[in-house]
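The structure appears below as structure tokens.
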Amino acid sequence: MIGRGTNVWITGGGRGLGAGLARVWARRGARVAITARNATELEATAAGIRATGGFAVALPGDVAAKEAAHPLAARAQEALGGVQVLVLAASALGPEPLRLLGDTDCEDLERALAVNVVGPFRLTKAVTGAMAVSGGGLVVHVSSDAALTPYPTWGAYGASKAAFDQLARIWAAEVASLGVRFLSIDPGDMDTALHRTAVPDADRSQLQDPAEVAERFAALVDRACVHENGARLVLAAEAA
Amino acid sequence: MIAPARAPRAPDRLLRFVRVDPRAHALTVAPRSALVAQFAPGDLLVVNDAATLPASLAGHTADGKAIELRLTGPIEADGTATGVVFGAGTWRARTEGRALAPSLGRGTRVVLAGGLEAHVIAVDPARARLVRIAFDGRGDALERAVYAAGRPVQYAHHASELDLWEVQTIYAGRPWAVEAPSAGFALDTAMLVALRARGVAVARLTHAAGLSSTGDRAIDAALPLPERFEVPAATVRAVSRARRCGGRVIAIGTSVARALEGNAALHGGRLVAACGITDHLLGPGARRRVVDGLWSGLHEPGASHFALWTSFASEPILRRALAVAEAAGMVGEEFGDGLLILPYAPVPAA
């Protein structure tokens, strides 16, 4: 149960699902640190949480930058007094607008892998050892159905999310005995900036509100212990 | 004289250690792969989870004199910190040979790399290079600026500039250390998993490991300076559990021994969950109340580490251990080989 006494660090925490999760957990009394590149938006999200009595600190930074990993992790540890839960919600599409793989620049694939796989891996590496010697922790990967289904034009994103899911499974298999748990959660399609970039002409009334998804996502994380370590969960199916 | 390791351990370089049994006066040399087997089910390893700050800040005074400021401890919540001022130059020069620092009086403003500014709020009366400073800014904005401006503290025995990730242990948490709690470099994830499988417990504390050398005779004579520590309740419970079950408490690094014994010294001989500052020094014959064994890097007699070892084993056997290490071609300092001082038989509960 994430609430009072829990320290949570969320990447992609300036807007969308990440910001929604920060608000939900801060409302329940958790200490929350959020990271994103856009410092202005990030600070506004943190300030909004503090204005309603929550604990939130903005840690601006680029999760894809190699040099940023240890400074970010150390700043999160210092700001929170230890990180017990890491939620990796920052994502990049790759080519914008989306393109078929044959028309995707290699650099765009590299960018998707950097933001969605390698950067999160660095942050995970930087915090799981501390979790292990503190009695355990939880790392949540925000996934997508594009990790499983080969949607045309979603190749860079889908391949990166498939790798991200598999990283969670293998981490779990390796460090389960140390008390560190991993989950991948597919939240379903949401009305977010990322979705608007991917599908500009989508009918937004058909998309989930990220704030509402955050409530159900948080409830699912609370039940994390009933799932196998490393499990991949789909939020939509859980909602019923 | 043991040669210092000049760079972080390459993955293919075998780490070895000298095992000292202080009671049997026995010495053996073993590869790191034999380390986990030295511990018995029920033993407890305590690690220092302090992350290492980039505590070397290059800059200049307001009137243009070059300085290097090396923090001696973590940055306080109010944006103040203590540091040692060096003159022009870098880590490539031996600290003893560095250009004399300009004298910084109270109120002197300094401009550090990246535009980070600070001013001197106090100067140690006996040691003019030891200053208390207030940074402009505080909180995460200040932490961020220090990470942008700072470099890891390092020394002339290193071959090249160290990256921040090369001075972190795998379990690094809050950035309180200004030099890495480097005994922990020997531990990796595979070893944590193997220890768990063997029934050897691991617990943590946080100790603000300070500078090991400054080249200033008056400051070096006072090292280690008082250092901040935090021992969590879970670690106090883990120590009690080990004691009850006849397990041994093994400090991973001298900073852990200092924090545990310093904590007990502050609390009438009992280990309690607490945050504090310790000036406790362990030396020859010092009474230990908590720690039974020590894992450490290899350091020469004269270093403060060696003095601390002598509370675990006699000086003659430690000197023999270093001679054995040297003869075996082992290397010393933070990226080097190791020393394990641990009695073979479990210590009876005190």
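Quick note, the sequences are listed as chains A and B, same order. Sequential numbering of the first sequence, starting at 1, is according to my numbering. Sequential numbering of the second sequence, starting at 241, is according to my numbering. Glycine is no exception: its CB is placed at the ideal position from the N, C-alpha and C atoms. For clarity, every value in this text was computed on a predicted model and none was experimentally measured.
Legend entry - Contacts that B/I410 makes with chain A (C-beta to C-beta distance below 7 Å): On the second sequence, position 170 is the one that residue 410 of chain B refers to. Going along chain A in sequence order, the residues near B/I410 (Cβ under 7 Å) are G129.
Inset, instruction - Rounded to whole angstroms, what's the CA-CA distance from B/H398 to B/L285? Just pull it up for me. - result: Locating residue 398 of chain B in the second sequence gives position 158, counting from the first residue. Locating residue 285 of chain B in the second sequence gives position 45, counting from the first residue. When rounded, the distance between both Cα atoms is 29 Å.
Inset, instruction - In the DSSP assignment, find the unbroken alpha helix (DSSP H) run with A/I34 in it and report its ends. - result: Here residue 34 of chain A refers to the residue found at position 34 when the first sequence is read from its first residue. Where A/I34 is concerned, there is no enclosing alpha helix (DSSP H), although the beta strand (DSSP E) it sits in stretches over 31-35.
Inset, instruction - Scan the segment 285-301 of chain B for residues whose Cβ lies nearer than 7 Å to a Cβ of chain A and list them as they occur along the chain. - result: V287, D289, A291
Legend entry - Closest Cα partner of B/R367 within the set B/V324, B/A333, B/V393, B/I373: What you label residue 367 of chain B is simply residue 127 of the second sequence in a count that begins at 1. Out of B/V324, B/A333, B/V393, B/I373, B/V324 has the C-alpha closest to the C-alpha of B/R367.
Inset, instruction - Check whether the segment 351-363 of chain B touches the segment 289-301 of chain B, taking contact to mean three or more Cβ pairs, one atom from each stretch, closer than 8 Å. - result: yes
Legend entry - Nearest residue (CA-CA) to A/P71, options B/A385, B/I490, B/V571: Taking the first residue of the first sequence as 1, we reach residue 71 of chain A at position 71. Out of B/A385, B/I490, B/V571, B/A385 has the C-alpha closest to the C-alpha of A/P71.
Inset, instruction - On the DSSP bridge assignment, give the partners of B/P541 in chain order. - result: What you label residue 541 of chain B is simply residue 301 of the second sequence in a count that begins at 1. According to DSSP, which records beta bridges pairwise, B/P541 is partnered with B/A543.
Legend entry - chain A within 7 Å of B/A589, Cβ atoms only: Translated into the one-based positions of the second sequence, residue 589 of chain B becomes position 349. Confidence is the limiting factor: at B/A589 the pLDDT is only 45, short of 50, which leaves the residue's position unreliable and the question unanswerable from this model.
Inset, instruction - Tell me, to the nearest whole angstrom, how far the beta carbon of B/A478 is from that of B/A443; I am working on the premise that it is less than 8 Å. - result: Residue numbering aside, residue 478 of chain B sits at position 238 when the second sequence is read from its first letter. Residue numbering aside, residue 443 of chain B sits at position 203 when the second sequence is read from its first letter. Yes, they are in contact, since the Cβ atoms of B/A478 and B/A443 sit about 4 Å apart, within 8 Å.
Legend entry - Contact with chain B by A/E238, beta-carbon distance below 7 Å: Locating residue 238 of chain A in the first sequence gives position 238, counting from the first residue. Interpretation of A/E238 is limited by its pLDDT of 49, a score under 50 that renders its predicted location unreliable; the figure taken from the coordinates is listed afterwards. No, A/E238 lies away from the interface with chain B (no Cβ there is under 7 Å from its Cβ).
Legend entry - Cross-chain neighbours of B/V433 in chain A, by beta carbon under 8 Å: Within the second sequence, the letter at position 193 stands for residue 433 of chain B. The answer, in chain order, is E174, V175, S177, L178.
Inset, instruction - Measure the C-alpha to C-alpha separation of A/G188 and A/A236 and round it to an integer number of angstroms. - result: The count along the first sequence starts at 1 and reaches residue 188 of chain A at position 188. The count along the first sequence starts at 1 and reaches residue 236 of chain A at position 236. About 6 Å.
Inset, instruction - Output the distance between the C-alpha atoms of A/L80 and A/E41, rounded to the nearest integer angstrom. - result: Residue numbering aside, residue 80 of chain A sits at position 80 when the first sequence is read from its first letter. Residue numbering aside, residue 41 of chain A sits at position 41 when the first sequence is read from its first letter. For A/L80 and A/E41, the distance between alpha carbons rounds to 20 Å.
Legend entry - Residue burial classification, B/Q394 (beta-carbon count within 10 angstroms, cutoff 16): Here the question's residue 394 of chain B lines up with position 154 in the second sequence. Result: buried.
Legend entry - Below-7 Å beta-carbon distance, B/L404 vs any chain A residue: In the second sequence, residue 404 of chain B corresponds to position 164, counting from 1. For B/L404, the answer is yes, since a Cβ of chain A falls inside 7 Å of its Cβ.
Inset, instruction - Could you name the residues of the same chain whose beta carbon sits closer than 7 Å to that of B/P588, not counting the 5 residues immediately before and after it, in chain order? - result: Counting from one through the second sequence, the residue named residue 588 of chain B turns up at place 348. With a pLDDT of 47 at B/P588, under the threshold of 50, the modelled position of this residue cannot be trusted; read the value that follows with caution. There are no such residues.
Legend entry - Host alpha helix (DSSP H) of A/N38 (start-end): Locating residue 38 of chain A in the first sequence gives position 38, where the first residue counts as 1. Run containing A/N38: none; DSSP gives neither H nor E here.
Legend entry - Neighbour list for B/A491 in chain A, Cβ cutoff strictly below 8 Å: Position 251 of the second sequence, counted from the first residue, corresponds to residue 491 of chain B. Those do not exist, as B/A491 stays about 14 Å from chain A at its closest Cβ, beyond 8 Å.
Inset, instruction - Measuring alpha carbon to alpha carbon, tell me which of A/C106, A/G135, A/P95, A/T35 ends up nearest A/V87. - result: Taking the first residue of the first sequence as position 1, residue 87 of chain A is located at position 87. Here the closest residue by C-alpha is A/T35.
Legend entry - For A/A219 and A/C225, the rounded distance between their alpha carbons: As a first step, residue 225 of chain A is located in the first sequence; it is residue number 225 there, counting from the start. As a first step, residue 219 of chain A is located in the first sequence; it is residue number 219 there, counting from the start. Taking the straight line joining both Cα atoms gives about 12 Å.
Inset, instruction - Find out if the Cβ-Cβ distance for the pair B/A491, B/A482 is shorter than 7 Å. - result: Start at 1 with the first residue of the second sequence, and residue 491 of chain B comes out as number 251. Start at 1 with the first residue of the second sequence, and residue 482 of chain B comes out as number 242. Not a contact, by the Cβ cut-off of 7 Å.
Legend entry - For B/R534, the nearest candidate out of B/G542, B/F546, B/H520, B/A458 (CA to CA): Here residue 534 of chain B corresponds to residue number 294 of the second sequence, with the count starting at 1. The sequence given here has Leu at residue 534 of chain B, not Arg. Among B/G542, B/F546, B/H520, B/A458, the Cα nearest to that of B/L534 is on B/F546.
Inset, instruction - Using only the heavy atoms of the ligand ZN, determine whether one of them is closer than 6 Å to the beta carbon of A/G129. - result: No copy of the ligand ZN appears in this structure; indeed no ligand is present at all.
Legend entry - Contact check, B/R372 vs B/I361, beta carbons under 7 Å: By one-based count along the second sequence, residue 372 of chain B stands at place 132. By one-based count along the second sequence, residue 361 of chain B stands at place 121. A contact, by the Cβ cut-off of 7 Å.
Legend entry - Per-residue DSSP class, three states only, for A/C106: Looking up residue 106 of chain A in the first sequence gives position 106. Helix at A/C106.
Inset, instruction - Taking B/A417 as the reference, give the member of B/E406, B/G377, B/T312, B/F326 with the closest Cα. - result: For the purposes of this step, residue 417 of chain B is identified with residue 177 of the second sequence, where counting begins at 1. Of the listed residues, the one whose Cα sits closest to B/A417 is B/T312.
Inset, instruction - Quick one: grab the DSSP three-state call for A/H141. - result: Here residue 141 of chain A is taken as the residue at index 141 of the first sequence, counted from 1. In the structure shown, A/H141 sits in a strand (DSSP, three-state: E or B).
Inset, instruction - Over the uninterrupted beta strand (DSSP E) stretch that includes B/V363, give me the two end residues. - result: As a position in the second sequence, residue 363 of chain B is number 123, starting the count at 1. 357-363 is the extent of the beta strand (DSSP E) around B/V363.
Legend entry - CA nearest to the CA of A/K125, picked from A/L113, A/K66, A/V142: Locating residue 125 of chain A in the first sequence gives position 125, counting from the first residue. Cα-wise, what sits closest to A/K125 is A/K66.
Legend entry - Alpha carbon of B/L432 to alpha carbon of B/P342, nearest angstrom: Position 192 of the second sequence, counting from 1, holds the residue named residue 432 of chain B. Position 102 of the second sequence, counting from 1, holds the residue named residue 342 of chain B. Going by the C-alpha atoms only, they are around 47 Å apart.
Legend entry - Those residues which DSSP pairs with A/D186 across a bridge: Taking the first residue of the first sequence as 1, we reach residue 186 of chain A at position 186. Beta-bridge pairing links A/D186 to A/V234.
Legend entry - Rounded separation between A/V140 and A/G5 - CA only: Walking along the first sequence from the start, residue 140 of chain A turns up at place 140. Walking along the first sequence from the start, residue 5 of chain A turns up at place 5. Rounded to whole angstroms, A/V140 to A/G5 spans 18 Å at the Cα level.
Legend entry - chain A contact for B/R249 (CB, 7 Å cutoff): As a position in the second sequence, residue 249 of chain B is number 9, starting the count at 1. Closer than 7 Å: no.
Inset, instruction - Could you tell me if B/E574 is buried or exposed, where buried requires 16 or more neighbouring beta carbons within 10 angstroms of its beta carbon? - result: In the second sequence, counting from the first residue as 1, residue 574 of chain B sits at position 334. Per the 10 Å Cβ criterion, buried.
Inset, instruction - Assess, as a yes-or-no matter, whether the segment 566-585 of chain B is touched by the segment 456-465 of chain B under the definition of 3 or more beta carbon pairs within less than 8 Å. - result: no
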